[in-house]
Amino acid sequence: MALLLLGLGFGATPAGAVESSPPPSSASAGDVSLKLQNAVAGGEAQLGALEPWQKRIFTEEVVSRPQRFVKDYRASGAGGLIVDVDYTSIRNYLKFFATPALLKGDAAKVLLALKAESGCARCAAAMPEMKRVAQLRMERRGLAPTWLPETELKYGGKALEEYLVRLGEEKKAPVVLLLSSEKAPIDPDDPAHADEVRFLVRAMLWVRGVSKLDGRLEILENDSIERTADRLLTDFLTELGSRLAKTQAGANQEREKLLVEVTGIRGYPRYLEVKQRLFSLSGEEVRVEERRLSKGKAVFAFFSQKPERELKRLVMALDLGHTVKVSFIETGAAAPAVEAAASNEGEL
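Just so we're aligned: 1110 in the working numbering is position 215 of the sequence shown, and the numbers increase by one with no gaps anywhere.
Structure, rendered in structure tokens:
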């Protein structure tokens, strides 16, 4: 995955990585959320050039929800954190916008629907905040919200989703979003928890010609319906961006151009630095994926329409350190299998 790993606490932060400093003295030293926000905000440069609408979304949505865009974090000296930020997810999250290609001549509008179970006071109380968040998310992406009255939402479950998609087609709305909440039914196979109150939060996002995403989360009585809906919407927009990226890549006939093997990596923090430098080449014309990680070495794949010679020049121009050696694997050879990245320094 394309990401800037901001190091993990094995001593000094690797050069080129970003460390989240402790918050000002007026804030609690244990305020992890603030430190994660600082780390995510501090890595904006790794995203490359952003459109004004992307900058706004990054500031108002990504930085304010750092947990959704952080893979891992560990304590460092003096109360700081070394944070593993998922820049692939951030790039995907910033990809969806009401472009002419998406609209295909239709108005830039989105049908929005909220539904709370009748008689559920908690569900009804959550509706204003869910409505506010949904409207802002769509407006920042260039879409004008059209709210459907609850009297139109006569169905439930999948039937309601299918009805809303048909309505979107009929009204020439390229995007439809549904958020709903209800009391979770009692599980007859779990009598030990029959007296517990639980809630179901559901969401559905349909984008014509691109994707239909739907999901639900069951939460406990003391959990927040509003935050759960927010999480579903964030995850949907991230997945939508991922699917758009793959569609665009296919349209551009993107293909694997280069396999890069990096050896001489001494320790996990050093690996994080090397990976960050390589992924800094990611952008509209180049995509980088990690293929394999083993003791002392890693393999990365580069996808692009750029000539192979140009990609090699970009890689060799990076300062990866004097102990690191770079070699190129013929793409016609058997490609290494995709493996999970190591999560601790003992694996390098």
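Glycine residues also receive a C-beta, built at the ideal position from the N, C-alpha and C atoms.
For this session: Quickly, what does DSSP pair Ile-1114 with across the bridge? List them, please.
Result: Phe-1094
Exercise. Do Val-1005 and Pro-1044 have their C-beta atoms closer together than 7 Å?
Worked result: no
For this session: With Glu-1034 as the anchor, note down where its alpha helix (DSSP H) starts and where it stops.
Result: 1016 to 1034
Exercise. Among Leu-1009, Val-1028 and Pro-995, which has the Cα closest to the Cα of Thr-1046?
Worked result: Leu-1009
Problem set entry | Supposed contact pair Val-1071 and Leu-1059 - C-beta distance, whole angstroms, cut 8 Å | Yes, they are in contact, since the Cβ atoms of Leu-1059 and Val-1071 sit about 5 Å apart, within 8 Å.
Exercise. In this structure, does DSSP put Pro-1044 in helix, strand or coil?
Worked result: coil
Exercise. When DSSP builds the beta bridges, which residues end up paired with Tyr-968?
Worked result: Under DSSP, Tyr-968 forms a beta bridge with Val-978.
Exercise. When burial is assigned at 16 or more other CB atoms within 10 Å of the CB, is Trp-1101 buried or exposed?
Worked result: Classification of Trp-1101: buried, given that the 10 Å Cβ count is 16 or more.
Problem set entry | Collapsed DSSP secondary structure at Leu-1215 in the structure displayed | In the three-state scheme derived from DSSP, where H, G and I count as helix and E and B as strand, Leu-1215 is classed as coil.
Problem set entry | DSSP state of Arg-1186 mapped onto helix, strand, coil | strand
Exercise. How should Tyr-968 be labelled, buried or exposed, when 16 other C-beta atoms within 10 angstroms of its C-beta is the threshold for buried?
Worked result: Per the 10 Å Cβ criterion, buried.
Exercise. If you draw a straight line from the C-alpha of Ile-985 to the C-alpha of Phe-964, how long is it?
Worked result: 7 Å
Problem set entry | Inter-residue CB distance, Val-1157 and Lys-1192 (contact presumed, cutoff 8 Å) | 6 Å
For this session: Look at the alpha carbon of Arg-1093 and the alpha carbon of Ser-959, and state the distance between them as a whole number of angstroms.
Result: 27 Å
For this session: Can you tell me the Cβ-Cβ gap for Lys-990 and Gly-1178, rounded? I've got them flagged as a contact below 8 Å.
Result: Between Gly-1178 and Lys-990 the Cβ distance is about 13 Å, and since that is not below 8 Å, they are no contact.
Problem set entry | Three-state class that DSSP yields for Phe-992 in the structure shown | Note: Phe-992 maps to coil in three-state DSSP.
Exercise. Counting along the chain, where does the beta strand (DSSP E) carrying Ser-928 start and finish?
Worked result: From DSSP, Ser-928 is part of no beta strand (DSSP E) but of the alpha helix (DSSP H) over 927 to 937.
For this session: Between the Cα of Asp-926 and those of Gly-974, Lys-950 and Ala-996, spot the shortest distance and give me the residue it belongs to.
Result: Asp-926 has its Cα closest to that of Gly-974, out of Gly-974, Lys-950 and Ala-996.
For this session: Check whether the region 1016 to 1027 touches the region 1108 to 1125, counting contact only when three or more Cβ pairs, one atom from each stretch, lie closer than 8 Å.
Result: yes
Exercise. Does DSSP put Ala-1054 in a helix, a strand or coil?
Worked result: Of the three classes helix, strand and coil, the one that applies to Ala-1054 here is helix, per DSSP.
For this session: Kindly identify the DSSP beta-bridge partner or partners of Thr-1158.
Result: Lys-1192 and Lys-1220
For this session: Determine the contact status of Leu-1173 and Ile-1224, defining contact as a CB-CB distance below 7 Å.
Result: no
Problem set entry | Strand pairing of Ala-1140, partner residues [DSSP] | In the DSSP output, where bridge partners are listed per residue, Ala-1140 has none listed.
For this session: Alpha carbon to alpha carbon, how far is Lys-1190 from Val-1219? Give it in angstroms, no decimals.
Result: 13 Å
Exercise. Taking DSSP as the reference, what is the three-state secondary structure of Ala-1039?
Worked result: Secondary structure of Ala-1039 (DSSP, three-state): strand.
Exercise. Taking just the CA atoms, how far does Ala-1002 sit from Lys-1067?
Worked result: 8 Å
Exercise. Within this structure, are the beta carbons of Gln-941 and Tyr-988 separated by less than 7 Å?
Worked result: no
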